Amino acid sequence: MTRVFISAGEASGDLHASSLIRELKARTDGLEFFGLGGELMRSEGAELWYDLKVLAVTGFWEVVKRYFEFRRVFYDVLERIDQVKPDVAILVDYPGFNLRIAEKLHQRGIKVIYFIAPQVWAWKKKRVIKMERDVDLLISVFPFEEQFFAKTKLRCKFVGHPLLDQIDSSESAAAFKTTHRIENDDKIVALLPGSRPNEVESHYGTMLDAVGLLRETVPNLRVFVLVREEIGAAVYDHIEQTRFGLRVERIGDDRYGLLKAADVAIVKSGTSTVETALCGAPFCVVYRTGWITYQIARRVIKLSHVGMVNIIAAEQVVPEFLQYDMNPTKLAEFCRRILTVKAEREEMKTALLRVRDKLGEPGAAGRAADAVLAEL
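Quick look at the structure:
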């Protein structure tokens with residue numbers, strides 16, 4: 003039996019890790035998975051020491067406030083690793099935690115494979131030195147990363163983006179419209195406020211305010227919010243109540259059906275922006291965080307763009323409304339233009355197709371599994 007420690011600390015990592023586990027098990031017998039993750043990993047047979055609900059947090063200051071909690075989890079995981087003695091470790095994204103674990107795994111002589119490369123090209127490039135020492139193989143999902151890491155001592159393999167498989171096999175726009183009884187003249191607006199409670203609290207209220215303004219000028223709106231069951235309905239309920247009970251339709255499982263059907267979307271910066279781009283929905287990127295976190299981030303992140311779609315394209319394909327620029331008036335005006343000006347809408351959809359082409363072919367999880375087995 004080959005013992006595999008696997009660590010993912012957020013919803014997107016849980017998705018990619020579960021796909022990788024499934025592909026590995028399809029290729030060989032005798033693999034045992036344990037570590038940190040979510041329900042998708044558990045459904046593929048992984049034994050979870052900690053659920054990602056405990057780990058999910060964003061922002062510098064937000065992490066500092068939970069320092070002692072993360073420290074306890076970190077050393078408990080190390081103790082369990084010493085007891086189980088895994089043959090290999092697969093770390094999925096979540097660099098703040100996983101890069102520290104990588105160092106300890108390397109010290110113990112355990113092979114380390116990193117799937118979904120940390121975004122060291124955006125900030126903390128000094129981390130590359132530690133990665134060169136601690137990571138045996140880096141599996142990348144963005145094409146420009148292979149070029150970046152080629153200048154280092156790291157072995158990096160680009161496999162394409164695993165979301166291509168998830169999205170291509172998901173519900174179609176037509177099926178979504180049929181299920182939700184959407185008429186031909188309806189305009190579908192999708193709201194994606196985030197996958198963590200603090201993100202929803204930072205973004206959802208402003209999105210609802212924008213919807214309120216949009217309804218004054220655009221008729222036949224059908225507005226859907228993508229909800230995370232692990233966050234709990236109460237978080238969304240409370241925010242809607244503060245907006246005088248303004249409610250929108252909630253979507254859980256069929257996220258890709260929604261994004262394929264959407265005429266426009268407002269999307270929190272992160273993996274969801276890649277998902278939305280691959281589904282072909284015109285959208286804008288938003289993000290708001292605490293004042294301290296924002297002041298630190300604007301000094302250390304050395305990029306012209308924040309949205310991953312714009313980074314992949316090396317140009318601004320979709321607008322970004324960050325921090326103070328994220329206000330209801332600007333969001334409503336963007337949505338109004340996309341919904342009413344055909345030329346703008348078609349131009350953005352064409353640009354999103356170019357982004358999709360840059361992300362490789364379907365089958366990324368399978369190619370990543372092949373790379374892992376080659377290391378074993």
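Letter by letter, the sequence shown follows residues 3 to 378 of our numbering.
Ideal placement from N, C-alpha and C gives every residue a C-beta, glycine not left out.
All figures in this text were calculated on a predicted structure; none of them were measured in a lab.
Original post:
Alpha carbon to alpha carbon, what distance is there between Asp89 and Arg24?
Top reply: Along the sequence shown, one-based indexing puts residue 24 at 22. Along the sequence shown, one-based indexing puts residue 89 at 87. Computed Cα separation, rounded: 19 Å.
Original post:
What's the gap between the Cα of Glu218 and the Cα of Glu335?
Top reply: In the sequence shown, residue 218 corresponds to position 216, counting from 1. In the sequence shown, residue 335 corresponds to position 333, counting from 1. Those two C-alpha atoms are separated by around 11 Å.
Original post:
Cβ atoms of Val308 and Phe285: under 7 Å apart, would you say?
Top reply: By one-based count along the sequence shown, residue 285 stands at place 283. By one-based count along the sequence shown, residue 308 stands at place 306. Against a cut-off of 7 Å, the Cβ pair of Val308 and Phe285 comes out as no contact.
Subject >> DSSP beta-bridge partners of Ile8 >> reply: Indexing the sequence shown from 1 puts residue 8 at position 6. According to DSSP, Ile8 bridges with Gly37, Ile92.
Subject >> Cβ neighbours of Lys1 in the same chain (closer than 7 Å, five flanking residues each side left out) >> reply: The question about residue 1 has no answer here: the residues shown for the chain are numbered 3 through 378.
Original post:
Are Ser9 and Gly47 closer than 7 Å when you measure CB to CB?
Top reply: As a position in the sequence shown, residue 9 is number 7, starting the count at 1. As a position in the sequence shown, residue 47 is number 45, starting the count at 1. No, these two residues do not count as a Cβ contact at 7 Å.
Original post:
Do Pro330 and Thr208 have their CB atoms nearer than 7 Å?
Top reply: If you number the sequence shown from 1, residue 330 lands on position 328. If you number the sequence shown from 1, residue 208 lands on position 206. Taking 7 Å as the Cβ cut-off, Pro330 and Thr208 qualify as a contacting pair.
Original post:
How should Val227 be labelled, buried or exposed, when 16 other C-beta atoms within 10 angstroms of its C-beta is the threshold for buried?
Top reply: Position 225 of the sequence shown, counted from the first residue, corresponds to residue 227. Buried, by the Cβ-count rule.
Subject >> Close-in-space but distant-in-sequence residues of the same chain around Asp170 (CB under 7 Å, 5 per side omitted) >> reply: Translated into positions along the sequence shown, residue 170 becomes position 168. So the list reads Pro364, once near-sequence residues are dropped.
**OP:** Locate the alpha helix (DSSP H) running through Arg29, then write down its first and last residues.
**Re:** For the purposes of this step, residue 29 is taken as residue 27 along the sequence shown, with counting starting at 1. Note, Arg29: alpha helix (DSSP H), 13-29.
**OP:** Compare the beta carbon distance of Ser271 and Arg230 with 7 Å and say whether it is the shorter of the two.
**Re:** If you number the sequence shown from 1, residue 271 lands on position 269. If you number the sequence shown from 1, residue 230 lands on position 228. No, Cβ-Cβ distance for Ser271 and Arg230 is not below 7 Å.
Subject >> Beta-carbon proximity of Leu341 to Asp265, cut-off 7 Å >> reply: As a working mapping, residue 341 is identified with position 339 in the sequence shown. As a working mapping, residue 265 is identified with position 263 in the sequence shown. Closer than 7 Å, so yes.
Subject >> Outcome for Asn312 when other beta-carbon atoms lying within 10 angstroms are tallied against a minimum of 16 >> reply: Numbered from 1 along the sequence shown, position 310 holds the residue referred to as residue 312. Buried, since its Cβ has 16 or more Cβ neighbours within 10 Å.
**OP:** Go ahead and pull the three-state DSSP assignment for Val374.
**Re:** The sequence position of residue 374 within the sequence shown is 372, counting from 1. Val374: helix per DSSP, three-state reduction.
**OP:** Using the Cα positions of Gly362 and Thr244, report the straight-line distance between them to the nearest angstrom.
**Re:** The residue given as residue 362 occupies position 360 in the sequence shown. The residue given as residue 244 occupies position 242 in the sequence shown. Roughly 43 Å between the two C-alpha positions.
Original post:
Can Pro88 be considered in contact with the ligand ADP, in the sense that its beta carbon sits closer than 6 Å to one or more heavy atoms?
Top reply: You won't find the ligand ADP in this model; it holds no ligand whatsoever.
Original post:
Leu210 lies in the alpha helix (DSSP H); which residues open and close that run?
Top reply: Against the sequence shown, residue 210 aligns to sequence position 208. Its alpha helix (DSSP H) spans residues 199-216.
Subject >> Rounded separation between Lys159 and Val213 - CA only >> reply: Mapped onto the sequence shown, residue 159 falls at position 157. Mapped onto the sequence shown, residue 213 falls at position 211. Rounded to the nearest angstrom, the two C-alpha atoms are 43 Å apart.
**OP:** With DSSP as the reference, label Phe72 as helix, strand or coil.
**Re:** As a first step, residue 72 must be located in the sequence shown, where it is residue number 70. Helix.
Original post:
Taking the Cβ atom as the reference point for each residue, do Ile103 and Val374 lie within a distance shorter than 7 Å?
Top reply: Sequence index remark: in the sequence shown, residue 103 carries index 101 (1-based). Sequence index remark: in the sequence shown, residue 374 carries index 372 (1-based). Result no, Cβ atoms of Ile103 and Val374 do not sit closer than 7 Å.
Original post:
From which residue to which residue does the alpha helix (DSSP H) around Val311 run?
Top reply: Within the sequence shown, numbered from 1, the residue matching residue 311 stands at position 309. 310-315 is the extent of the alpha helix (DSSP H) around Val311.
**OP:** Could you say which of Gly11, Phe76, Ile233 lies nearest to Phe117 if we only look at CA atoms?
**Re:** Residue 117 sits at position 115 when you count from the first residue of the sequence shown. Closest option to Phe117, Cα to Cα, is Gly11.
Subject >> Backbone CA spacing between His108 and Asp136 [nearest angstrom] >> reply: Counting from one through the sequence shown, the residue named residue 108 turns up at place 106. Counting from one through the sequence shown, the residue named residue 136 turns up at place 134. If you take the alpha carbons of His108 and Asp136, they lie about 5 Å apart.
Original post:
Do Thr278 and Leu261 have their C-beta atoms closer together than 7 Å?
Top reply: What you label residue 278 is simply residue 276 of the sequence shown in a count that begins at 1. What you label residue 261 is simply residue 259 of the sequence shown in a count that begins at 1. Result yes, Cβ atoms of Thr278 and Leu261 sit closer than 7 Å.
**OP:** Would you identify the three-state DSSP class for Trp63, choosing helix, strand or coil?
**Re:** Position 61 of the sequence shown, counted from the first residue, corresponds to residue 63. Only weak support exists for where Trp63 lies, its pLDDT of 49 falling under 50; the coordinates are left without a value.
**OP:** Can you check the stretch 218-250 for any alpha helix (DSSP H) of at least 4 residues that lies completely inside it and give the ranges in chain order?
**Re:** 235-244
Original post:
Is DSSP giving Glu46 helix, strand or coil here?
Top reply: Reading the sequence shown from its first residue, position 44 is the one you call residue 46. Reduced to three states, the DSSP call for Glu46 is coil.
Original post:
Taking the C-alpha atoms as reference points, what is the distance between Trp63 and Thr291?
Top reply: Along the sequence shown, read from residue 1 onward, the residue named residue 63 stands at position 61. Along the sequence shown, read from residue 1 onward, the residue named residue 291 stands at position 289. Any reading at Trp63 needs caution, since the residue's pLDDT is 49, under 50, leaving its predicted position unreliable; the model's value is listed next. Distance between the alpha carbons of Trp63 and Thr291: 10 Å.
Original post:
Helix or strand or just coil, what does DSSP make of Val266?
Top reply: Here residue 266 refers to the residue found at position 264 of the sequence shown. In this structure, Val266 counts as strand in the three-state DSSP scheme.
**OP:** Could you name the residues that DSSP lists as bridge partners for Glu134?
**Re:** Taking the sequence shown and counting its residues from 1, one reaches residue 134 at position 132. Glu134 pairs with nothing; no bridge assigned.
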